[in-house]
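Here is the structure we will look at.
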Amino acid sequence: MSYQNIIAEARGAVGWIQLNRPEALNALSNALVSEVGQAIEQFQADDNIGAMVITGNAKAFAAGADIKDMEGQEFIDLFLADFPYNRRDGWDSLNTARKPIIAAVAGFALGGGCEMAMACDFILAADTAKFGQPEINIGTMPGAGGTQRLTKAIGKAKAMEMCLTGRMMDAEEAERAGLVSRIIPADQLEEEALKVAGKIAKLSRPTVYMIKEAVNVAFETSLQEGLRFERRAFASTFATADQKEGMKAFVEKRKPEFKNR
Ligand code: CAA
Numbered sequence: 011m012s013y014q015n016i017i018a019e020a021r022g023a024v025g026w027i028q029l030n031r032p033e034a035l036n037a038l039s040n041a042l043v044s045e046v047g048q049a050i051e052q053f054q055a056d057d058n059i060g061a062m063v064i065t066g067n068a069k070a071f072a073a074g075a076d077i078k079d080m081e082g083q084e085f086i087d088l089f090l091a092d093f094p095y096n097r098r099d100g101w102d103s104l105n106t107a108r109k110p111i112i113a114a115v116a117g118f119a120l121g122g123g124c125e126m127a128m129a130c131d132f133i134l135a136a137d138t139a140k141f142g143q144p145e146i147n148i149g150t151m152p153g154a155g156g157t158q159r160l161t162k163a164i165g166k167a168k169a170m171e172m173c174l175t176g177r178m179m180d181a182e183e184a185e186r187a188g189l190v191s192r193i194i195p196a197d198q199l200e201e202e203a204l205k206v207a208g209k210i211a212k213l214s215r216p217t218v219y220m221i222k223e224a225v226n227v228a229f230e231t232s233l234q235e236g237l238r239f240e241r242r243a244f245a246s247t248f249a250t251a252d253q254k255e256g257m258k259a260f261v262e263k264r265k266p267e268f269k270n271r
């Protein structure tokens, strides 16, 4: 499939999605978000792909929703369209993909860009990454999950300060606060993201899906319910051929060959 606002390609077993509007710091126009969704659906449907990466360029992952697109909009337009979820094809695909999606962030991840990174399963940050919800500076507020996911990720005090003041967080603070899983030197980000996604892609796909689901349940339910869900999912891995192979390979001191069954 050919895209105008992103580059999407299979790199081995990894679905690589690069936001590609460098002239606008990858601002999330409707067209771009739509294309991200189409690429996610394409990779989700492709049996050869086991994980995905969304990335930007050295200067920006994405500097937010496209302010030039939004400038002339009225309440009624956004409300009736359910903006930014009028790009259901994009945000919904990101929120519901079963294959893990890693955000590889260098430079600015602001507003909707920070929200898109947080909607991924985890964030690998270049040492140049800067995260923020600066919507307050332009008289609006986060609209694609910023007040919710940031608060769950880093707690009320920091999330409240960031959303109320628009202050940016550098990579070190983001790692300390638990927003990102790791910091990587900027010139190694692409290689490391491919390596991590490639590792996940080689593991048992049904088990990968179960783990992703189980971790996400922690955000939606009580501890007791979550623990029960986890035990049921754990037991169900024993219905897979991959669990048999994984444990047998361990006992036989060899590498497992997972069949995704
Ligand atoms: N929308 C549209 N265009 C944007 C943009 C955005 N969010 N962010 C940057 N651009 C454009 C600039 O207008 C500029 O284009 P021109 O050359 O045509 O003027 C180009 O990208 C380069 O940007 P700057 O010249 O501003 O670059 P800089 O290095 O001086 O500053 C920056 C970088 C601090 C990130 C600055 O661009 C900035 O503050 N951007 C806006 C960040 C923002 O407010 N994001 C939140 C958007 S609202 C939102 O996201 C709502 C939501 O939750 C759904």
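So the sequence shown is residues 11 to 271, counted in this note's numbering. Ideal Cβ placement from N, Cα and C applies to all residues, glycine included.
Confirm the yes/no value for this check: CB of residue i, any heavy atom of the ligand CAA, distance under 8 Å.
i      : result
GLY122 : yes
LYS69  : yes
ASP76  : yes
GLY156 : yes
GLY153 : yes
ASN40  : no
GLN83  : no
GLU240 : no
ILE64  : no
MET80  : yes
PHE118 : yes
LEU35  : yes
ASN105 : no
ASN96  : no
GLU51  : no
ALA127 : no
GLU145 : yes
ALA73  : yes
THR150 : yes
Quick one: Cα of residue i to Cα of residue j, how far?
i      : j      : result
GLU201 : VAL63  : 11 Å
SER246 : PHE85  : 47 Å
LYS209 : ARG186 : 25 Å
ASP76  : LEU160 : 20 Å
GLY156 : VAL261 : 46 Å
LYS222 : PRO266 : 21 Å
LYS162 : GLU230 : 11 Å
GLU235 : GLU81  : 44 Å
GLN52  : GLN158 : 28 Å
ASP131 : ILE146 : 26 Å
VAL227 : PHE239 : 8 Å
ASN40  : ASP57  : 28 Å
GLU183 : ARG271 : 41 Å
VAL190 : LYS168 : 14 Å
ALA61  : LYS269 : 16 Å
ALA113 : LEU204 : 11 Å
ILE133 : LYS254 : 31 Å
ARG242 : GLN14  : 43 Å
If contacts are defined as beta-carbon pairs under 8 Å, then residue i and residue j qualify, I think. What distance do you get, rounded to the angstrom?
i      : j      : result
GLY165 : GLY142 : No, GLY165 and GLY142 are not in contact; Cβ-Cβ is about 16 Å, not under 8 Å.
ALA119 : ALA127 : 5 Å
ALA9   : PRO94  : The displayed coordinates of the chain run from 11 to 271. Any statement about residue 9 would go beyond what the structure contains.
ALA116 : GLY188 : At roughly 20 Å, the Cβ-Cβ gap does not stay under 8 Å, so ALA116 and GLY188 are not in contact.
ALA139 : ALA181 : 4 Å
PRO152 : GLY121 : 7 Å
ALA18  : ILE27  : 5 Å
ILE50  : SER103 : 4 Å
MET179 : MET172 : 7 Å
ALA211 : ALA20  : At roughly 10 Å, the Cβ-Cβ gap does not stay under 8 Å, so ALA211 and ALA20 are not in contact.
Examine chain E for any beta-carbon lying closer than 9 Å to the beta-carbon of residue i, and answer yes or no.
i     : result
MET11 : Of the protein chains in this structure there is only one, and it is not chain E.
Using CA atoms only, rank isn't needed, just tell me which of the options is closest to residue i.
i      : options                          : result
ASP252 : MET220, GLY236 and ARG31         : MET220
THR150 : LEU88, ASP57, ARG108 and THR106  : LEU88
ALA68  : LYS263, LYS109, PRO195 and GLU45 : PRO195
ASP197 : ALA207, SER191 and ASP137        : ASP137
ARG108 : ALA224, GLU240 and PHE244        : ALA224
ILE111 : ALA72, GLN54 and LEU90           : GLN54
ALA72  : LEU29, SER44, VAL218 and LEU237  : LEU29
GLY100 : GLN83, SER44, ILE148 and PRO144  : SER44
GLY74  : GLN48, GLU125 and GLN83          : GLU125
SER214 : ALA91, ALA243 and GLY256         : GLY256
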